[in-house]
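Asker:
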Ligand code: NCD
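In full-length UniProt numbering, the protein residues as written are 1 to 313.
1) Taking buried to mean at least 16 other C-beta atoms within 10 Å of its own C-beta, is residue 14 buried or exposed?
2) For the alpha helix (DSSP H) containing residue 199, name the first residue and the last one.
3) Tell me which same chain residues have a C-beta within less than 7 angstroms of the C-beta of residue 290, skipping the five on either side of it?
4) Strictly closer than 7 angstroms from CB to any heavy atom of ligand 1: give me those residues in the order they appear in the chain.
5) Measure the Cβ-Cβ separation of residue 67 and residue 38 and say whether it is below 9 angstroms.
6) What does DSSP give as the partner residue(s) for residue 71 in the beta ladder?
7) In this structure, does DSSP put residue 100 in helix, strand or coil?
8) Closer than 7 angstroms by C-beta to residue 55: which residues in its own chain qualify, once you throw out the five before and the five after it? Chain order, please.
9) Considering only the alpha carbon of each residue, which of 128, 110, 87 lies closest to residue 231?
10) Is the beta carbon of residue 284 closer than 9 angstroms to that of residue 261?
11) So residue 133 and residue 6 are supposed to be a Cβ contact under 8 angstroms. How far apart are they, rounded?
12) Quick check: what's the CA-CA separation for residue 202 versus residue 279?
13) Can you tell me whether residue 84 is helix, strand or coil according to DSSP?
14) So, does the segment 118-128 touch the segment 140-156, judging by three or more C-beta pairs under 8 angstroms?
15) Which term fits residue 227, buried or exposed, when burial requires 16 or more other beta carbons within 10 angstroms of its beta carbon?
16) Is there contact here, the segment 209-224 with the segment 138-146, by at least three beta-carbon pairs under 8 angstroms?
17) Alpha carbon to alpha carbon, how far is residue 8 from residue 164? Give it in angstroms, no decimals.
18) Determine whether the beta carbon atoms of residue 42 and residue 303 lie at a separation below 9 angstroms.
19) State yes or no: is the C-beta of residue 208 within less than 9 angstroms of the C-beta of residue 190?
20) Does DSSP put residue 281 in a helix, in a strand, or in coil?
21) When the Cα atoms are used, what is the spatial distance from residue 181 to residue 225?
22) Just checking my contact of residue 80 with residue 100 at CB under 8 angstroms: how many whole Å lie between their CB atoms?
23) For the candidate residues 35, 86, 263, 311, whose alpha-carbon lies nearest to that of residue 50?
24) Please report the residue range of the beta strand (DSSP E) in which residue 268 lies.
25) Are the CB atoms of residue 137 and residue 288 nearer to each other than 9 angstroms?
26) Provide the residue(s) that pair with residue 205 in DSSP beta bridges, ordered along the chain.
27) Residue 123 bridges to which residues according to DSSP?
28) Give the secondary structure of residue 8 by DSSP, where H, G and I count as helix, E and B as strand, and everything else as coil.
29) So for residue 257, helix, strand or coil by DSSP?
30) Quick check: what's the CA-CA separation for residue 234 versus residue 268?
31) Here's the rule: buried if 16 or more other CB atoms are within 10 angstroms of the residue's CB, otherwise exposed. What is residue 323?
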């Protein structure tokens, strides 16, 4: 992957994805070979929205590469609460760190940050926009379980506000994958995402009922209804609780069906699914370590190559 930042999954080609996932496999096979690779470098964790998995796995991944990490702490205790603009904040942080991971409630925040700094920026979620590093670990999980071609994938839940869905759907167009989208009418994929998918020639198969496709699926990717993004809470309550699965729902699924979820789950997947061979969401979350190590390693390597080219000029 020859990229300076990771902002959106649409920037990733099949080769880019495979290069990171190959490296993630190398990391998983021999993590010691990557220890201290980036010693002396600092990663800034800039989280303007809550996060457990993404923040902690980037923190852990960076440390396993020998990096130090710094965080902003609570947004309320940072200068953001004094009204500082995002572009000023990231310009300052650029002087403290060699790379930054940014999560922000506004769509486009990571794009803006990348325009203002020269260190690598990873978009760790921009509002209802994109979450491309989650996609890399999702693809790694799919690849380890099924390979990435000749597959049928169902993506279910909040397709409107779910940024992991927007990134995953875009990335899957690089592979021979039939994608099915299952949601209530009001939470269909947004027009812009549908447009981008059409542009790639991907066929959009949309359903309101999981039973229409369950039996055909190799992967079922379940997502949380993104309560915090609904402008109107009544609208949330109208759709909350629809699209739940339990072990019985999966009686009609293929034995090899892999059930994934970016987590956190609320009530979309009943705990009895955890006991089935379908449950893959904890493995998926754990894949955050090798995949984010591979991603950081790649971006740091690219940044160092850029510096050398600059120095040779
Ligand atoms: C997701 C997110 O933040 O978009 N979580 C994650 O990073 N694993 C999904 C969600 O919040 O529902």
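C-beta: ideal position from N, C-alpha, C; glycine also.
Answerer: Quick look at the numbers:
1) With fewer than 16 other Cβ atoms within 10 Å, it is exposed.
2) It spans 191-199 - the alpha helix (DSSP H) in which residue 199 sits, taken as one unbroken run.
3) Result list for residue 290: 24, 27, 28, in chain order.
4) Those residues that bring their Cβ nearer than 7 angstroms to a heavy atom of ligand 1 are 51, 53, 54, 125, 131, 134, 162, 163, 164, 223, 224, 226, 262, 263, 264.
5) In this structure, residue 67 sits near residue 38, with a CB-CB distance shorter than 9 angstroms.
6) Bridge partners of residue 71: 45.
7) It is a strand residue.
8) Excluding sequence neighbours, residue 55 sits near 45, 47.
9) The candidate whose alpha carbon is nearest that of residue 231 is 128.
10) Yes, the pair counts as a contact, with Cβ atoms nearer than the cut-off.
11) Confirmed, Cβ separation roughly 6 angstroms.
12) In a straight line, the C-alpha of residue 202 is about 28 angstroms away from that of residue 279.
13) Three-state DSSP puts residue 84 in coil, outside helix and strand.
14) Because the criterion of three Cβ pairs below 8 angstroms is not met, the segment 118-128 and the segment 140-156 do not touch.
15) With fewer than 16 other Cβ atoms within 10 Å, it is exposed.
16) Yes: at least three Cβ pairs fall under 8 angstroms.
17) The straight-line gap from Cα to Cα measures roughly 11 angstroms.
18) Contact: no.
19) No; because the gap between Cβ atoms is not below 9 angstroms, this pair is not in contact.
20) Looking at residue 281 - three-state DSSP - the assignment turns out to be helix.
21) Roughly 14 angstroms between the two C-alpha positions.
22) Incorrect: roughly 14 angstroms between the Cβ atoms, too far for contact.
23) If we check each option's Cα against that of residue 50, 263 comes out closest.
24) According to the DSSP assignment, residue 268 belongs to no beta strand (DSSP E), since it is labelled neither H nor E.
25) Yes. Within cutoff.
26) Note: residue 205 sits in a beta bridge opposite 180.
27) Answer is 102.
28) Reduced to three states, the DSSP call for residue 8 is coil.
29) Note: residue 257 maps to coil in three-state DSSP.
30) Rounded to whole angstroms, residue 234 to residue 268 spans 19 angstroms at the Cα level.
31) Nothing about residue 323 can be read from this structure; the chain reaches only from 1 to 313.
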